[in-house]
Amino acid sequence: MQHFRTREMIGSLQYVVDCTRPDMANVVRCLGKYNGFFTRENYTMAKRAIRYLIGTEHFGLVYRPTIAPPLLTAFSDADHAMCKDTSRSTTEFVLQLNGYTWMWKSKQQGRVTTNTCASELMAASDCMDNMVWARELLNELKINQGVSTIYCDNQSTIQVIANRGNSKKVQRFAKKARIIAEFVDDGALIVNYVSTTENVADIFTKALGPQRFEYLRQKLSMENKAFVAKKSYDKRRFNGKCFYCKKTGHKETECRKKKADEERGQVAR
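Following the numbering used here, the numbering of the sequence shown begins with -18 at its first residue and continues without gaps.
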């Protein structure tokens, strides 16, 4: 029974991650590796993930309207040789539209890489594929995109792309660098450097401390929806509109008409 229960737990967590909880992508990916041969320790980890989910049940992705035209940006990252069993790295990226998270991924790479530069290049290539798809979708919706930016925290990877893969570090993956370079030459994409501390995709690579995790979670445009709803209600209630005279520019407690009516005894105090 515990075997099937753990599978149900991991499947349920994966569904939540795919919908509105990208902050749990890393832990669910780690749990998924032991889906067929998990131990009591893995079962305890799954229960801990569920406790975190229950404790943050009101958190989710928040989207707000903006005046600026929709602009695509992406953050890519990789954790080199993270898996101790296979020595495979992990690919992580997050795609945002005007700073609001749209797509994300935390997945083990299909090939073993010999260095960090190669694993980061594979992650950037996967991120580019999704970026190109998103650009085509927005173009079909008549939302034309200028130059979309992919942020990477590895200087060597950016240099390899600029050199079109002509490096001994990525001989096996030079084709991926050349594909990205072609899109850069076409003016569709640009690959820029971002520090690791500001790389949003870093939340998918490994376990982080509380402060670092909460900071990147906020960067994912995740907020406490209960607080957002209350703040939105308060804004509607106290936005300067008087509920007595129905005029804007003042609150009901500041309404001169109401005060005058109270003085004449027309309104109960």
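Glycine residues also receive a C-beta, built at the ideal position from the N, C-alpha and C atoms. Because the structure is a prediction, the values reported are computed rather than measured.
- In this structure Gly190 is exposed. Its beta-carbon is surrounded by fewer than 16 other beta-carbon atoms within 10 angstroms.
- Pairing Ser129 with Val93 gives a Cβ-Cβ distance that is not under 7 Å.
- Of the residues assessed, Gly41 falls on the buried side of the cut-off, its CB having 16 or more other CB atoms within 10 angstroms.
- Non-local C-beta neighbours of Asn205 in its own chain, meaning closer than 7 Å and more than five positions away in sequence, comprise His39, Phe40, ordered along the chain.
- When the beta-carbon positions are compared, Ala59 and Ala104 come within less than 7 Å of each other.
- Here Glu204 is bridged, per DSSP, to Gly41.
- The beta carbons of Ile161 and Ile184 sit no closer together than 7 Å.
- Between the C-alpha atoms of Val8 and Met26 there is a straight-line separation of about 9 Å.
- Looking at Gly36, His61, Ala55, the one whose alpha-carbon comes closest to that of Trp85 is Ala55.
- Cβ-Cβ separation between Ala115 and Leu76: approximately 6 Å, consistent with a contact (criterion under 8 Å).
- Separation of Ala182 and Ser57 (C-alpha to C-alpha, rounded to the nearest whole angstrom) is 6 Å.
- Non-local beta-carbon contacts of Arg(-12) in its own chain, meaning distances under 8 Å to residues more than five positions away in sequence, involve Asn16 in chain order.
- Remark: C-beta atoms of Thr72 and Asp107 approach each other more closely than 7 Å.
- Remark: C-beta atoms of Ser87 and His61 do not approach each other more closely than 7 Å.
- DSSP places Ser70 outside both helix and strand once states are collapsed to three, so it counts as coil.
- If you ignore the 5 residues before and after Thr177, its C-beta comes within less than 7 Å of the C-beta of Asp134, Asp183, all in its own chain and listed in chain order.
- Per DSSP, the beta-bridge partners of Cys133 are Ser57, Tyr174.
- The beta carbon of Arg10 sits closer than 6 Å to the beta carbons of Ser87 from its chain, once the five residues preceding and following it are set aside; these are given in chain order.
- With respect to Lys157, Leu102 sits close: the two C-beta atoms are nearer than 7 Å.
- If you check the CB distance, Tyr132 and Val165 do not come in under 7 Å.
- In the DSSP assignment, Ser87 falls outside any alpha helix (DSSP H) and within the unbroken beta strand (DSSP E) covering 81 to 89.
- Residue range 21 to 36 is occupied by the alpha helix (DSSP H) that includes Tyr33.
- Take the alpha-carbon of Ile(-9) and the one of Arg29: they are about 12 Å apart.
- Secondary structure of Leu52 (DSSP, three-state): coil.
- Excluding the 5 residues flanking it on each side, Met109 has same chain C-beta neighbours closer than 6 Å at Ile161, in chain order.
- Under the three-state reduction of DSSP, Val75 is assigned to strand.
- Cα atoms of Lys14 and Leu118: separation of roughly 33 Å, rounded to the nearest angstrom.
- Per DSSP, Asn7 is one residue of the alpha helix (DSSP H) stretching across 6 to 13.
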